[in-house]
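In my numbering, the protein residues as written are 943 to 1123.
Heads up, the thing below is written out as structure tokens.
Here you go:
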């Protein structure tokens, strides 16, 4: 079973954008495991900010940050190439309208429910402003469930838990809603 975590933070605005990009693309990630289909990963903050300024949308929700925790079965155990391929496909869902970066993190396999639960997870950070037309990403439930259906097709895993929360301090604290879908 995979986990789809949607993390929202609107109170820090551009500080949050800087921090989440720094965490995702910075010291917490191996340098060869950071990617983007449409942004220079070394200048992601500046490029996100240019789009926001161009369309006059620098306040409010700065980014759509989500984490995809792959079930070990969908990555065929400890298979980084499979995790990278699925992450690339997931990023492509939005990349024709929104700037997006992602990084793949590896954790040791934990035993849960008698088997290996997860080895890889990917952090995705997407600009909330479209580079095509300045549309703000709404992230409403119907949009997120359509996206989750896409993730299910990409991973071949039909069973997911969705978590909604805010990122305060370390980790995903403040999870307000958990559903098996």
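Idealized CB from N, CA, C, for every residue including glycine.
For this session: Can you tell me which of the three DSSP states residue 1035 falls into?
Result: Coil at residue 1035, not helix or strand.
Problem set entry | Boundaries of the beta strand (DSSP E) in which residue 1067 is found, first to last residue | In the DSSP assignment, residue 1067 falls within the beta strand (DSSP E) that extends over 1062 to 1069.
Problem set entry | Segment contact flag, the segment 999 to 1006 with the segment 1061 to 1075, C-beta cutoff 8 Å, min 3 pairs | The segment 999 to 1006 makes contact with the segment 1061 to 1075, as at least three CB pairs between them are under 8 Å.
Exercise. Is the beta carbon of residue 1031 sitting closer than 7 Å to the one on residue 981?
Worked result: Result no, Cβ atoms of residue 1031 and residue 981 do not sit closer than 7 Å.
Exercise. On the three-state DSSP scale, how would you describe residue 989?
Worked result: Note: residue 989 maps to helix in three-state DSSP.
For this session: Would you give the residue range spanned by the alpha helix (DSSP H) that residue 1095 belongs to?
Result: Per DSSP, residue 1095 belongs to the alpha helix (DSSP H) from 1083 to 1097.
Exercise. Quick one: is the Cβ of residue 1082 within less than 6 Å of any heavy atom of the ligand MN?
Worked result: By its list of ligands, the structure shown contains no ligand whatsoever, and the ligand MN lies outside what it can speak to.
Exercise. Does the distance from the C-beta atom of residue 1014 to that of residue 1061 stay below 7 Å?
Worked result: Residue 1014 places its beta carbon less than 7 Å from that of residue 1061.
Problem set entry | Beta-carbon contacts of residue 945 that lie in its chain and below 6 Å, excluding the five residues immediately before and after | Excluding positions up to five away in sequence, the list reads 1011, 1103.
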